[in-house]
């Protein structure tokens, strides 16, 4: 697989506002252990903010001398085997019966949406990627090239096209009308979408089952499902991609970039199944659920065949 | 040795086989690191926690742990990175403990063990049925509901931070025993 890791340095973070940098820190703090940003990156960001604070007439950072004295008087004498003040090494209080008996959250995720959509955590990771100009030294993230000012970014677990320097929440489509899948192109035609977006090849044995259309507001999305036994392939087209913060769950590893017809298609796996995501004109298209890379490539190539 | 690495300790001061503190060189190194890193750590913590007093406590707790884990800090290839990772863990523990206590109080309200009452001109107060002592309950409320740091709560009660921590732990254990009955 090719690696499109960007070689820009941390210095590009200097262009970001303090509010944007603080947003990155807040998001990083929400990530589970082991999934946050590189510590050098964190330090670079905090140093920028500290420098700006010191230049601000309304300087508000605590006095270090006073803090050092407080440390020596109030905190340092307390020893507890290296445990935090908020850590007691005892069994977790979450074993309290009230918490044990709480019902688990209901799973309202439809099979179609579960295969294609990221979780809140992946959205946070994608948002962190969106505002970072990452250097090759960052171990967990990489950046691709710009599309309409968007950047392809991915972490170990998610992939997405995110606005360069901005954070825009993803817009989750709702599902409405249901039609035969074979009418997907007709639906796109009816909405004035004439670009070559839909595969003409479908792996043997798969039948079209459902089609979901969300054409209320912007963006619009059109989702088709093909099924064979217990396997499902999902093809989705999203319009107005330039305002969408997308995220797709993926397995660890860098996506492969497959270029054909002047379009770069990002190919990756999610739970062992192949998926491809790409943007062309102002559309974001994805195909997911393929067993093999070869079948996925055939589907992609067929998009650009003559009708 | 990289330029970021602090000289590893030749030996920690030993007493009865247990390390009891840092020698003068390590103490100087720690203070140097503290002064270099305090604002960076504070900025991260205040954005993570949304409160300056809690943020400062998180930083102080991080350096307190650094004192006790001096061997790991000083032998790290990246001491500043080590401090940031420790700070993140401290913040997670802080959030978790507060959430635990808040959930316990909420569960006790649901179970009828705690109710609210208002006095003339005063804010709503939580009244409880005596699972923990008056002082311990007030302390838990300060930490979880009122957002006090351990230091602030300790100073209000006129006790040390260490004593404050132990009282919080003791009260949590009593809550746990109550629900196990």
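Residue numbers (this note's numbering), protein chains in the order written: chain A, 2 to 308; chain B, -10 to 170.
For every residue, glycine included, the Cβ atom is placed at its ideal position computed from N, Cα and C.
With contact defined as three or more Cβ pairs closer than 8 Å, the region 201 to 209 of chain A and the region 222 to 238 of chain A are in contact. Take the alpha-carbon of residue 270(A) and the one of residue 80(B): they are about 34 Å apart. Judged by DSSP secondary structure, residue 293(A) falls outside any alpha helix (DSSP H); it is assigned neither H nor E. Boundaries of the alpha helix (DSSP H) around residue 185(A): 185 to 191. Here residue 23(B) is near residue 52(B), since their CB atoms are less than 8 Å apart. Rounded to whole angstroms, the separation of the alpha carbons of residue 32(A) and residue 209(A) is 39 Å.
Boundaries for residue 226(A): no alpha helix (DSSP H) harbours it, while the beta strand (DSSP E) harbouring it runs 222 to 229, taken from the DSSP string. Of all residues in the region 36 to 56 of chain A, those with a C-beta nearer than 9 Å to a C-beta of chain B are 37, 39, 40, 41, 43, 44, 46, 47, 48, 50, 51, 54 and 55, reading in chain order.
Within chain A, the residues 83 and 85 have their CB atoms less than 7 Å from the CB of residue 54(B), given in chain order. Residue 61(B) has its alpha-carbon roughly 25 Å from the corresponding atom of residue 85(B). For the pair residue 266(A) and residue 224(A), the Cα-to-Cα distance works out to about 18 Å. In the pairwise beta carbon analysis, the region 65 to 81 of chain B is classified as not touching the region 131 to 146 of chain B: fewer than three pairs are separated by under 8 Å.
One Cα belongs to residue 91(B), the other to residue 139(B), and the distance between them is close to 15 Å. By the rule that beta-carbons nearer than 8 Å mark a contact, residue 126(B) does not touch chain A.
When the alpha-carbon of residue 241(A) is set against those of 259(A), 222(A) and 185(A), the nearest one is in 222(A). In the same chain as residue 262(A), and ignoring 5 residues on each side of it, the C-beta atoms closer than 6 Å to its own belong to 305, in chain order. Per DSSP, the beta-bridge partners of residue 270(A) are 275(A). By the C-beta criterion, the region 68 to 79 of chain A is judged not to be in contact with the region 30 to 50 of chain A, since fewer than 3 inter-stretch pairs fall below 8 Å.
In the DSSP assignment, residue 261(A) falls within the beta strand (DSSP E) that extends over 257 to 261.
Residue 149(B) carries a coil assignment under DSSP once its states are collapsed to helix, strand and coil. Note on residue 37(A): 16 or more other CB atoms within 10 angstroms of its CB, so buried under the neighbour-count rule.
Exposure of residue 70(A) is indicated by the presence of fewer than 16 other C-beta atoms within 10 angstroms of its C-beta. In the structure shown, the three-state DSSP call for residue 31(A) is helix. Taking C-beta separations shorter than 6 Å and ignoring five residues to either side along the sequence, the partners of residue 121(B) in its chain run 160 and 163, following chain order.
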